[in-house]
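**Q**
In our numbering, the protein residues as written are 3 to 201.
1) In chain order, what residues of the same chain lie with their CB nearer than 8 Å to the CB of residue 163, ignoring the 5 residues before and after it?
2) What's the C-alpha gap between residue 20 and residue 158?
3) Residues in the same chain with beta-carbon distance under 6 Å from residue 26, minus the five sequence neighbours each way, listed in chain order, please.
4) Which residue spans inside the segment 144-183 form an unbroken alpha helix (DSSP H) run of at least 4?
5) Alpha carbons only, please: which of 84, 63, 47, 122 is nearest the one belonging to residue 178?
6) Identify every run of the alpha helix (DSSP H) within the segment 84-147, keeping only runs that are complete inside it and at least 4 residues long; order them along the chain.
7) In three-state terms, what does DSSP make of residue 41?
8) In the DSSP assignment, the alpha helix (DSSP H) including residue 78 goes from what residue to what residue?
9) For residue 107 and residue 6, I'd like the C-alpha separation in whole angstroms.
10) So, for residue 199: in the same chain, excluding its five sequence neighbours on each side, which residues have a beta-carbon less than 6 Å away from its beta-carbon?
11) With a threshold of 16 other CB atoms inside 10 Å of the CB of residue 153, please say whether the residue is buried or exposed.
12) Quick check: the segment 128-143 against the segment 46-57, are there 3 or more CB pairs under 8 Å?
13) Is there a Cβ from chain B that is less than 8 Å from the Cβ of residue 127?
14) Rounded to whole angstroms, what is the Cα-Cα separation between residue 135 and residue 18?
15) Using CA atoms only, rank isn't needed, just tell me which of 58, 59, 36 is closest to residue 48.
16) Would you kindly check if the distance between the Cβ of residue 59 and the Cβ of residue 68 is under 8 Å?
17) Measuring alpha carbon to alpha carbon, tell me which of 64, 46, 99, 146 ends up nearest residue 9.
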């Protein structure tokens, strides 16, 4: 249950309705974070413009690696909405259900490369409160990534922390973008329950 009402199309101005329409075309339905953020159109549009600018700028890092980090952060923060939405995006991009399921035990899993494991450890350390990033972690990553790629990786992890913490704090839960097959418990329950009701 959301902690603030989600605004419907008739409760917002024409410009926000255009934004909702664009989101609906792109994702099949309006993502609930948009409906929550619509209470403050200035913040909603700032976020939307930032996301579009970020999508265009994020070009140095392998997209699959970036998406893997985003998904890991969402699961660590506990944002079932982000896990649901992120799972849909990564599965569409070709990321396997098996790799999603292995994410919780990535350190022992053979499903991930050395770079992916280093980046996942870095994402975990950035998501810890307080952060536990070390000089050694960064140096290990620099053995695989150039500095621009490291900046992009760091930014992607930080951005997902902001998204996930915002959505989780507002009480947004799985919207039904995926069946839950790829997500670890406890997200399976919320995602599976949401899927039939919202499709």
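The C-beta atom is built at its ideal place from N, Cα and C for all residues, glycine as well.
**A** Considering the structure as presented:
1) If you number the chain shown from 1, residue 163 lands on position 161. Once the five neighbours on either side are set aside, the close Cβ partners of residue 163 are 75, 79, 128, 129.
2) Walking along the chain shown from the start, residue 20 turns up at place 18. Walking along the chain shown from the start, residue 158 turns up at place 156. Going by the C-alpha atoms only, they are around 27 Å apart.
3) As a first step, residue 26 must be located in the chain shown, where it is residue number 24. Answer for residue 26: 32, listed in chain order.
4) 149-171
5) In the chain shown, counting from the first residue as 1, residue 178 sits at position 176. Nearest of 84, 63, 47, 122 to residue 178, Cα basis: 84.
6) 99-104, 116-129, 137-144
7) Indexing the chain shown from 1 puts residue 41 at position 39. Residue state, collapsed to three classes: coil.
8) In the chain shown, residue 78 corresponds to position 76, counting from 1. From DSSP, the alpha helix (DSSP H) with residue 78 extends over 65-79.
9) Taking the chain shown and counting its residues from 1, one reaches residue 107 at position 105. Taking the chain shown and counting its residues from 1, one reaches residue 6 at position 4. If I take the Cα positions, the gap works out to 35 Å.
10) Against the chain shown, residue 199 aligns to sequence position 197. Because the pLDDT at residue 199 is just 44, under 50, the model does not fix this residue reliably, and the value given afterwards should be weighed accordingly. The answer is none, since no qualifying residue turns up.
11) For the purposes of this step, residue 153 is taken as residue 151 along the chain shown, with counting starting at 1. Its Cβ having fewer than 16 others within 10 Å, residue 153 is exposed.
12) no
13) Looking for chain B here will not work: only one protein chain is present.
14) Residue 135 sits at position 133 when you count from the first residue of the chain shown. Residue 18 sits at position 16 when you count from the first residue of the chain shown. Going from the Cα of residue 135 to the Cα of residue 18 covers about 39 Å.
15) On the chain shown, residue 48 is found 46 positions in, with the first residue counted as 1. Out of 58, 59, 36, 36 has the C-alpha closest to the C-alpha of residue 48.
16) Taking the first residue of the chain shown as position 1, residue 68 is located at position 66. Taking the first residue of the chain shown as position 1, residue 59 is located at position 57. No, the Cβ-Cβ distance between residue 68 and residue 59 is not below 8 Å.
17) Position 7 of the chain shown, counting from 1, holds the residue named residue 9. Closest option to residue 9, Cα to Cα, is 46.
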